Amino acid sequence: MHVQINKSSWTLSDIIQLYRPLSSDAIVVEGFKQEDYLKVVLLRDRHDIDLLHELSNIICAITWKSLKNKVSVSFPIYSLEEETEYLNYIWTKVERFHEQ
1 MHVQINKSSW TLSDIIQLYR PLSSDAIVVE GFKQEDYLKV VLLRDRHDID LLHELSNIIC
61 AITWKSLKNK VSVSFPIYSL EEETEYLNYI WTKVERFHEQ
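In case it helps, the working numbering puts the sequence shown at residues 1 to 100.
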């Protein structure tokens, strides 16, 4: 389900409350990097690499340009073309989160 509502100041809590009645397994939102939830970091270029060391709760990163073996982090880094791999990895993380 994709919902687009024009409200100038949605908080992440607002969005979660909106989806809560739907009993979703996961909610994907953009633009809340500093929130304390599991996150996937999208890296468009090398200028975004600092995010990998600045943000918390990163489960993986996805890059437009290959950064493998160029950055040392404790989570996997996938290229955009590795869609099957990163989607499987993310879904496994979501399932494990719900098992806790």
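Cβ coordinates follow ideal geometry from the N, Cα and C atoms, glycine included.
As the structure is a computational prediction, the values presented were derived from the model and not from experiment.
- Message: With H, G and I counted as helix, E and B as strand and the rest as coil, what does DSSP make of Ile59?
- Response: strand
- Message: Along the chain, where does the alpha helix (DSSP H) containing Ser74 start, and where does it finish?
- Response: Ser74 -> no alpha helix (DSSP H), and no H or E assigned at all.
- Item | Terminal residues of the beta strand (DSSP E) in which Leu42 lies | Lys39 to Leu43
- Message: Pop quiz: Ser79 and Thr63 are said to be a contact at Cβ under 8 Å. What is the actual Cβ separation, rounded to whole angstroms?
- Response: 6 Å
- Task: Check whether the segment 44 to 61 touches the segment 6 to 26, counting contact only when three or more Cβ pairs, one atom from each stretch, lie closer than 8 Å.
- Result: no
- CA-to-CA distance, Ile49 to Ser72, given in whole angstroms: 11 Å
- Task: Report the rounded CA-to-CA distance for Ser66 versus Tyr89, giving the unit in angstroms.
- Result: 18 Å
- Message: Determine whether the beta carbon atoms of Ile59 and Lys39 lie at a separation below 8 Å.
- Response: yes
- Task: Count the other C-beta atoms from every protein chain shown that fall within 10 angstroms of the C-beta of Tyr86, then say buried if there are 16 or more, exposed otherwise.
- Result: buried
- Message: Rounded to whole angstroms, what is the Cα-Cα separation between Arg20 and Leu42?
- Response: 25 Å
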